[in-house]
Amino acid sequence: MPSLAQYPKDISRLPIALQNATAYLSLTKFPKGPPDIRNGQFLPPLAPEFSGRKTLVLDMDETLMHCATHPLKTEPAFLVRFSDTNLLGQVYVRPYTKLFLDLASQICEVVVFTASTQSYADQVLAHLDPDCRFVHHRLYRQHCTIINGGFVKDLRLLGRDVSRVVLADNSPISMALQPDNGVLVSSWINDDSDSELMDLLVLLQHMTRVKSVPRYLRERYGLRDWINGHRKACGPL
Numbered sequence: 001m002p003s004l005a006q007y008p009k010d011i012s013r014l015p016i017a018l019q020n021a022t023a024y025l026s027l028t029k030f031p032k033g034p035p036d037i038r039n040g041q042f043l044p045p046l047a048p049e050f051s052g053r054k055t056l057v058l059d060m061d062e063t064l065m066h067c068a069t070h071p072l073k074t075e076p077a078f079l080v081r082f083s084d085t086n087l088l089g090q091v092y093v094r095p096y097t098k099l100f101l102d103l104a105s106q107i108c109e110v111v112v113f114t115a116s117t118q119s120y121a122d123q124v125l126a127h128l129d130p131d132c133r134f135v136h137h138r139l140y141r142q143h144c145t146i147i148n149g150g151f152v153k154d155l156r157l158l159g160r161d162v163s164r165v166v167l168a169d170n171s172p173i174s175m176a177l178q179p180d181n182g183v184l185v186s187s188w189i190n191d192d193s194d195s196e197l198m199d200l201l202v203l204l205q206h207m208t209r210v211k212s213v214p215r216y217l218r219e220r221y222g223l224r225d226w227i228n229g230h231r232k233a234c235g236p237l
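Taking UniProt numbering, I'd label the letters of the sequence shown as residues 1 to 237.
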């Protein structure tokens with residue numbers, strides 16, 4: 001999770017997923033007004049046991065695990081069934097995912113927020129957190145804000161103090177409305193030597209003492225400035 005200032009400014013040198021996300025972010029005009037909360041906020045009121053904690057919003061696919069329609073080099077951890085087809089998904093779990101969820105749940109309110117369907121996500125989470133001990137809330141594709149075809153996760157709709165919310169995701173598109181709250185995690189497919197979730201845990205432990213999440217993450221990672229550097233035609237976020 002390096003500062004984005006270390007990423008190449010030449011988009012063609014970025015991983016293909018980041019190239020596509022950067023193109024989207026550079027050309028899309030995002031709404032500036034307040035969110036539509038006529039249907040209420042997504043989460044129930046903050047439970048007393050989470051008072052004083054940060055809220056960690058976690059992406060799922062390529063952040064905690066990877067799902068493939070064909071086997072990779074190693075055996076999958078488990079299988080899921082796609083509700084709209086007869087295909088089975090082969091699920092590979094990022095190293096340290098279960099340990100990370102366990103430890104993160106002890107210092108944060110944990111929300112898994114995925115752009116995937118609920119039926120698929122619930123199957124995955126039934127394996128990652130079978131006793132529902134670590135993931136306190138779940139949000140799905142229907143909770144995303146669709147802007148110009150992109151699935152954006154608007155943290156203002158959670159019903160939490162946004163200054164105390166961290167969004168960890170492998171896609172900067174998810175963070176487009178609150179880039180200063182985002183920690184951009186590298187996309188994971190099947191690298192057994194990966195330890196990025198442990199790095200994220202160290203960051204979260206440090207952030208328990210941070211008063212303003214957006215101020216801290218903007219200075220440390222610079223996601224907003226990096227996005228704005230590619231938005232010459234649309235103006236800054």
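Even for Gly, the Cβ is constructed at its ideal location relative to N, Cα and C.
For I146, the enclosing beta strand (DSSP E) stretches over residues T145 to I147.
At a Cβ-Cβ threshold of 8 angstroms, V162 and M207 do not count as neighbours. Per the C-alpha coordinates, the member of N190, T97, G235 and V213 positioned closest to L72 is N190. Beta-bridge analysis with DSSP links M207 to no other residue. Using a Cβ distance threshold of 8 angstroms, L56 and L204 count as a contacting pair.
Using a C-beta cut-off of 8 angstroms, the segment 15-30 makes contact with the segment 170-179, since at least three inter-stretch Cβ pairs fall below that distance. Between G159 and L43, the beta carbon gap of about 5 angstroms places them in contact (Cβ cut-off 8 angstroms).
Between the alpha carbons of Q142 and Q178 lies a gap of roughly 19 angstroms. Contiguous beta strand (DSSP E) elements confined to the UniProt domain "FCP1 homology" (49-207) occur at 54-58, 65-68, 78-81, 88-93, 108-113, 137-139, 145-147, 150-152, 165-169 and 182-184, taking only those with 3 or more residues.
Looking from the CA of M198, the closest CA among A47, D36, P45 and P95 belongs to P95. With contacts defined as CB atoms closer than 8 angstroms, S105 and R138 fail to qualify as a contacting pair.
If you look at A233, you'll find it isn't in any alpha helix (DSSP H); DSSP assigns it neither H nor E. When D225, T114, A126 and S119 are compared, the shortest CA-CA separation from K98 is found for A126. For P214, the uninterrupted alpha helix (DSSP H) segment begins and ends at V213 to Y221. Just so you know, the alpha carbons of K153 and R220 end up roughly 21 angstroms apart. The three-state reading of DSSP puts R38 in coil, since its state is none of H, G, I, E or B. For T22, the secondary structure class from DSSP, reduced to helix, strand or coil, is helix. Beyond the five residues adjoining it in sequence on each side, A233 comes within less than 8 angstroms, by CB distance, of S26 and L27 in the same chain, given in chain order. Shown here for D194: same chain residues with a beta carbon closer than 7 angstroms to its own, the five before and five after excluded, namely R94, P95 and W188 in chain order. Taking 8 angstroms as the cut-off, the Cβ atoms of G89 and F82 count as close. The straight-line gap separating the alpha-carbon atoms of K54 and P214 is approximately 12 angstroms.
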